[in-house]
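In this note's numbering, the protein residues as written are 98 to 326.
By construction, the Cβ of each residue, glycine as well, lies at the ideal position given by its N, Cα and C atoms.
Treat the numbers as computed from the prediction; the structure is a model and nothing was measured.
Worksheet: the structure to be examined is printed underneath.
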């Protein structure tokens, strides 16, 4: 993890060609840093509902989505020949979530943040995910199509290293880089071996392709919600 400690600031804030990917996500940089430094452990997050919603509605929506994600994660973990990098979901501590009149405080693992909470945000819908009918208006990507596909990983990795004219949004590329680095650090050895064997392009660094492929594995099967939860 020493190399990760050295790279963490550049990863989150961007460096070199990736400076244009400096994120405008609803999650503060210091929160992302907590996940990396505490990994793999959950982090307490303060979540504000949309103006047209309420803390109670947000808590209910989040709870229902977390339940569905837990079932998906457990099933995926049990079916996987190479155990998923995630901490076995059935061994996780009891969920912690409280609310007051203004916000919800939830203790979430990183996969729960990215796969469950972020899809509830306007940022996700406008800059990360692309609805088919909005293809012309957005440079996101339809995450329902995400698979740990080496060819797709090579395409994303090339866009990360050569952002000029990339067809993917900077926000999506930034998210893939951050999530991918975290996921890579926690892949089991046999899964890392598989990822390393899948390199498709000589035009981008092998490490960047490894991280992106780990991110695609991380995001596979992500469930989406209506646009205005």
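Please say whether residue j and residue i have beta carbons closer to each other than 8 angstroms?
i: residue 210; j: residue 142; result: yes
i: residue 276; j: residue 312; result: yes
i: residue 262; j: residue 169; result: no
i: residue 266; j: residue 224; result: yes
i: residue 122; j: residue 222; result: no
i: residue 303; j: residue 258; result: no
i: residue 212; j: residue 166; result: yes
i: residue 214; j: residue 144; result: yes
i: residue 280; j: residue 314; result: yes
i: residue 270; j: residue 256; result: yes
Pull the bridge partners of residue i from the DSSP assignment, please.
i: residue 142; result: 203
i: residue 196; result: 201
Pop quiz: residue i and residue j are said to be a contact at Cβ under 8 angstroms. What is the actual Cβ separation, rounded to whole angstroms?
i: residue 201; j: residue 159; result: 7 angstroms
i: residue 108; j: residue 278; result: 6 angstroms
i: residue 295; j: residue 310; result: 6 angstroms
i: residue 127; j: residue 105; result: Actually they are not in contact, since the Cβ atoms of residue 127 and residue 105 sit about 11 angstroms apart, beyond 8 angstroms.
i: residue 140; j: residue 217; result: Going by Cβ atoms, the distance from residue 140 to residue 217 rounds to 17 angstroms, so no, they are not a contact pair.
Around the Cβ of residue i, are there at least 16 other Cβ atoms within 10 angstroms (buried) or fewer (exposed)?
i: residue 125; result: exposed
i: residue 232; result: Residue confidence for residue 232 is low, a pLDDT of 47 falling below 50, so the modelled location carries little weight; the figure read from the coordinates is stated next. When all chains shown are included, residue 232 counts as exposed.
i: residue 268; result: buried
i: residue 148; result: exposed
i: residue 157; result: exposed
i: residue 290; result: exposed
i: residue 134; result: exposed
i: residue 230; result: Bear in mind that the predicted position of residue 230 carries a pLDDT of just 48, short of 50, making it unreliable; the figure below should be weighed with that in mind. Exposed: under 16 other Cβ atoms inside 10 Å.
For residue i, which residues in the same chain have their Cβ closer than 6 angstroms to its Cβ, ignoring the five residues on either side in sequence?
i: residue 155; result: 146 and 201
i: residue 60; result: Summary: the structure shown does not reach residue 60, with the chain confined to residues 98 through 326, and so no result is reported for it.
i: residue 150; result: none
i: residue 193; result: 204
Suppose the cutoff is 7 angstroms on Cβ atoms and the five residues either side in sequence are ignored; what does the same chain contact list for residue i look like?
i: residue 293; result: 307
i: residue 305; result: 254, 257 and 258
i: residue 132; result: 140, 207 and 279
i: residue 246; result: 313
Following a CB-centred definition, is residue i positioned closer than 7 angstroms to any heavy atom of the ligand SAH?
i: residue 267; result: The ligand SAH is absent from the structure shown, which contains no ligand whatsoever.
Got a sec? Which residues, its chain only, sit under 8 angstroms from residue i by beta carbon, not counting five neighbours each side?
i: residue 197; result: 152
i: residue 199; result: 145 and 152
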